[in-house]
Amino acid sequence: MTTRTIKSHDLKSGFSLLEVVMAMAILVTGMLALTSSMARVHTLDQSDTARAAAGDRLRATAEQLISFSEEAVAQDPETWALTITSSFESGGTPGNSFHVGSLGPGASEATGSIQVIRDETLTDAEVGISLGLPRDLNGDGDADDMNVSSTASLLPVIIRINWTSRSGDREAVHGLYLLGI
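Okay, structure coming up:
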């Protein structure tokens, strides 16, 4: 039978204070990274929800404009353009702005605007959206009329929705053409 000598360092068991501190530091760092990632994912989710709600409202407003345009053509094709331009300007009915309401958690109240383009000489850069401008809107063979409110057969329209989210100021834009034929 052999005997084994037990040394004092063999009797120590457990962790030293330094090992515990290092393990806690690694654990806290991991928890902070996880918390930060979860907060960012939550913010992105809210932003996506607001953007989807704005897109839905843009589409609904575009459908209302198309319906309004079709009714105006049915009532009087000769005054269609004047009906559209006067209805969707400041002071017109329904007007050039609309209330959107909240676009979800973390977003401010949103506001919407409708811009009917009457000037054939405007460019895409000037209106801030690609619509193929300048364009002959009244069919007279040129694109140099400054106001086609009473003679247009084609009207470009820009719908915008603006709101503020936790990520900053946001805007959703939709362009379309209304046909007077």
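Note that our numbering has the sequence shown beginning at 13, numbered continuously upward. Cβ atoms here follow ideal geometry from the backbone N, Cα and C, with glycine treated the same way.
query                                                                                                               : result
Contact set for residue 101: own chain, Cβ-Cβ below 6 Å, skip 5 residues either direction                           : 108
Cα-Cα separation between residue 69 and residue 112, rounded to whole angstroms                                     : 8 Å
Nearest candidate by alpha-carbon position, reference residue 170, set 162, 136, 159                                : 136
Within the segment 35-113, ranges of the alpha helix (DSSP H) (whole runs, at least 4 residues)                     : 92-99
Closest Cα partner of residue 181 within the set 115, 39, 99, 45                                                    : 115
Where the alpha helix (DSSP H) through residue 201 begins and ends                                                  : Only positions 13 to 193 of the chain appear in the structure, and residue 201 is not among them; the question remains open.
Through-space distance from residue 178 to residue 2, alpha-carbon basis                                            : Summary: the structure shown does not reach residue 2, with the chain confined to residues 13 through 193, and so no result is reported for it.
CA-to-CA distance, residue 155 to residue 126, given in whole angstroms                                             : 22 Å
Pair within 7 Å by beta-carbon distance, residue 149 and residue 166                                                : yes
Own chain partners of residue 73 with C-beta closer than 6 Å, once the 5 adjacent residues on each side are dropped : 171
Outcome for residue 51 when other beta-carbon atoms lying within 10 angstroms are tallied against a minimum of 16   : exposed
Simplified DSSP state of residue 121, which is helix, strand or coil                                                : strand
Span separating the alpha-carbon of residue 175 from that of residue 39                                             : 39 Å
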